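Take the sequence shown: its letters are residues -8 to 423, numbered as in the numbering used here.
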Amino acid sequence: MVPKPSGSLLSGARKSGISLALNGGSGQPGGVSLHDRLSARSRVTNLGVVLLLGFAGFSALLNLRYMLFNRSHPAIPQSYIEFNGRTPELLSNSVPPPRTGTDHLNHLVIVTGHAIWAGCDVKAKDDDENWVLEDYQKGGSVKTFYKHIEKGMQLTVEDPNALLIFSGGQTRPNSLQTEGESYYSLAMAANLEVPMIAGSLVNITSPGSSSSSSSASSSIGSLAHANAAVATRQGLQDARMTTENYALDSFENLLFSIARFREYTGHYPARITVVGYGFKKARFEDLHAKAVRWNTKGFLHNGERTFQYVGIDDEGLSDSEATAQNRGEKLKAFNLYDKDMYGCHGRLREKRIERNPTRRFHPYMSSAPEIADLLDWCPAPNSGLQGLYPENLPWDARVIGTGWGRGALAVKANSKGNIIPDTRWLQIGREH
């Protein structure tokens, strides 16, 4: 008798591991082990292979996209070392600690450089012949430059918590002096009252005074003070004023001065005052301060503003000259920075190259490591406000401990201040 053919495709010797798994065995006594079921050969159609490869490729693309484009913002830093930058140990070991008495300084006063003082006689400071100038600066601008210096000195003397920084780099091909150093030299030559670090025993308001500091081991020749282009005084290291020697434009005047404050004191300022031309006020307040995310509308606990701009313009300008000056500021500076807030594209980049004839590189990546990424930030061209630096900064409200929301303030008031603050708000960026 001929056996009846089975209607199943999975019958007899052609049963696969899949059929065994589905049917629970081969029909023989004892069944088939799990290992045999899983290791048995099975058929996979071309469609199945395509689907499997498709799913694998799609998964790989999703993972690749996540790794390349999904940049999550880092958590609020809890300490100095959690920022991306760090001062190389060899550099740290070769500089002294911040001077005693600088730990309480919190007010950065910036005088922006515009030219280079190169005169030998301070009495002729109003003479263009004693300055290295652009053609458009001749005929009265040098008087305004000196007024900027005077005002910066005055503000710093009046505030014992202030550090004055004259900012400006080696911008001219016909002079190796920096704008910042030349302003400092003129300030000293003019015998203006010099702001001193609290507790200093040095009096440097006159050339003949001596220093009680043991570190002042070098002597100054009796004729050295005759050159008003070079600042020479015993005890200059105790003055609450210094220079920033690398800025090539107004944006760098602000950013690099913040970095120089960190370099000099070991911490960042809580408030900033800029002294410069009045017609540049909008550029600093509306563009530069926003680019570094500095709060221009805030107040400290004692009521002092976090940002101020003191504007002093040339005297004696006619209405038409003032109008032309404002128009030039709008077209040649404000509008350019409005689109390129970090000055790293187009004409603003070209200006920096033109103003750096001796190929100077600033040191602030190492000396102000917490803002190394900001110093290197350059968004896409014409990005404007959309290209603002997005990461944490040492002066962010939540980082320095002032970022209390309304709910947190209410809890603080109800508990009479007896609460533990979020550790992410600990102040950072201070050397100990």
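Where is the CB? At the ideal position from N, CA and C, for every residue including glycine.
For clarity, every value in this text was computed on a predicted model and none was experimentally measured.
Which term fits residue i, buried or exposed, when burial requires 16 or more other beta carbons within 10 angstroms of its beta carbon?
i, result
"A57", "In the sequence on display, residue 57 carries Tyr and not Ala. Exposed."
"L246", "buried"
"N383", "buried"
"R424", "No statement about residue 424 is possible, as the shown extent of the chain runs from -8 to 423 and does not include it."
"L81", "exposed"
"N121", "buried"
"K116", "buried"
"L99", "buried"
"T36", "exposed"
"S24", "exposed"
"L29", "exposed"
"R34", "exposed"
"V40", "exposed"
"A313", "exposed"
"L38", "exposed"
"D310", "exposed"
"A315", "exposed"
"G425", "Only positions -8 to 423 of the chain appear in this structure, which leaves residue 425 out of reach."
"G294", "exposed"
"H95", "exposed"
"L308", "exposed"
"F242", "buried"
"H26", "exposed"
"F46", "exposed"
What whole-angstrom Cβ distance do residue i and residue j have, given they're in contact under 8 Å?
i, j, result
"I101", "V283", "Rounded, the Cβ-Cβ distance is 12 Å, inconsistent with contact."
"S176", "V123", "S176 to V123, Cβ: 13 Å. No contact."
"N91", "G190", "According to the sequence as given, residue 91 is Thr; it is not Asn. Confirmed, Cβ separation roughly 7 Å."
"R262", "N97", "7 Å"
"D240", "R343", "6 Å"
"G159", "A238", "6 Å"
"T234", "F157", "5 Å"
"A250", "S358", "7 Å"
When you compare only the Cα positions, how much space is there between residue i and residue j?
i, j, result
"G48", "A31", "27 Å"
"A153", "L59", "44 Å"
"T78", "S85", "11 Å"
"E306", "E141", "16 Å"
"L376", "A388", "20 Å"
"L44", "Y380", "41 Å"
"L146", "K138", "12 Å"
"L366", "R338", "19 Å"
"A51", "K288", "48 Å"
"V113", "P372", "45 Å"
"P88", "N236", "20 Å"
"V148", "H279", "26 Å"
"N54", "L42", "19 Å"
"W386", "G104", "25 Å"
"M187", "D229", "6 Å"
"G378", "H292", "31 Å"
"F136", "T169", "15 Å"
"T223", "Y174", "13 Å"
"D329", "G226", "43 Å"
"N347", "W368", "19 Å"
"V185", "R253", "21 Å"
"T93", "P151", "10 Å"
"F275", "M144", "20 Å"
"L155", "M356", "22 Å"
"E320", "H353", "27 Å"
"E426", "L183", "Given that the chain is displayed from residue -8 to residue 423, the structure contains no residue 426 and the question cannot be resolved."
"I107", "W285", "29 Å"
"K281", "D304", "23 Å"
"V133", "G267", "13 Å"
"S374", "D118", "43 Å"
"R340", "T349", "16 Å"
"P370", "D277", "18 Å"
Counting only C-beta atoms, is residue i closer than 8 Å to chain B at any point?
i, result
"G160", "No chain B appears in this structure, which consists of one protein chain only."
At a cut-off of 7 Å, would you count residue i as near the ligand GTP, judging by its Cβ distance to the nearest heavy atom?
i, result
"D118", "The ligand GTP is not part of the structure shown, which contains no ligands of any sort."
Is there contact between the stretch 327 to 344 and the stretch 286 to 306, where contact requires at least three CB pairs shorter than 8 Å? In short, these stretches do not touch, since the Cβ pair count stays below three.
Count Cβ pairs between the stretch 157 to 168 and the stretch 127 to 135 that sit closer than 8 Å; are there 3 or more? Judged by Cβ distances under 8 Å, the stretch 157 to 168 makes no contact with the stretch 127 to 135, as fewer than three pairs qualify.
When you compare the stretch 240 to 260 with the stretch 352 to 372, are there three or more beta-carbon pairs, one atom per stretch, that lie closer than 8 Å? The stretch 352 to 372 and the stretch 240 to 260 touch, with three or more beta-carbon pairs separated by less than 8 Å.
Taking contact to mean at least 3 C-beta pairs separated by less than 8 Å, is the stretch 262 to 278 in contact with the stretch 310 to 328? For the pair of segments examined, the stretch 262 to 278 was found to touch the stretch 310 to 328: the number of CB pairs separated by less than 8 Å reaches three.
Between the stretch 249 to 265 and the stretch 175 to 189, can you find at least three pairs of beta-carbon atoms closer than 8 Å? With a cut-off of 8 Å, the stretch 249 to 265 and the stretch 175 to 189 do not count as touching, because too few Cβ pairs lie within range.
Alpha helix (DSSP H) segments (min. 4 residues) lying fully within the stretch 263 to 339: If we require 4 residues or more, the alpha helix (DSSP H) runs fully inside the stretch 263 to 339 come out as 310 to 320, 326 to 330.
Where are the beta strand (DSSP E) runs, 3 residues long or more, that stay fully inside the stretch 103 to 190, in chain order? Counting only runs of 3 or more, we get 153 to 158.
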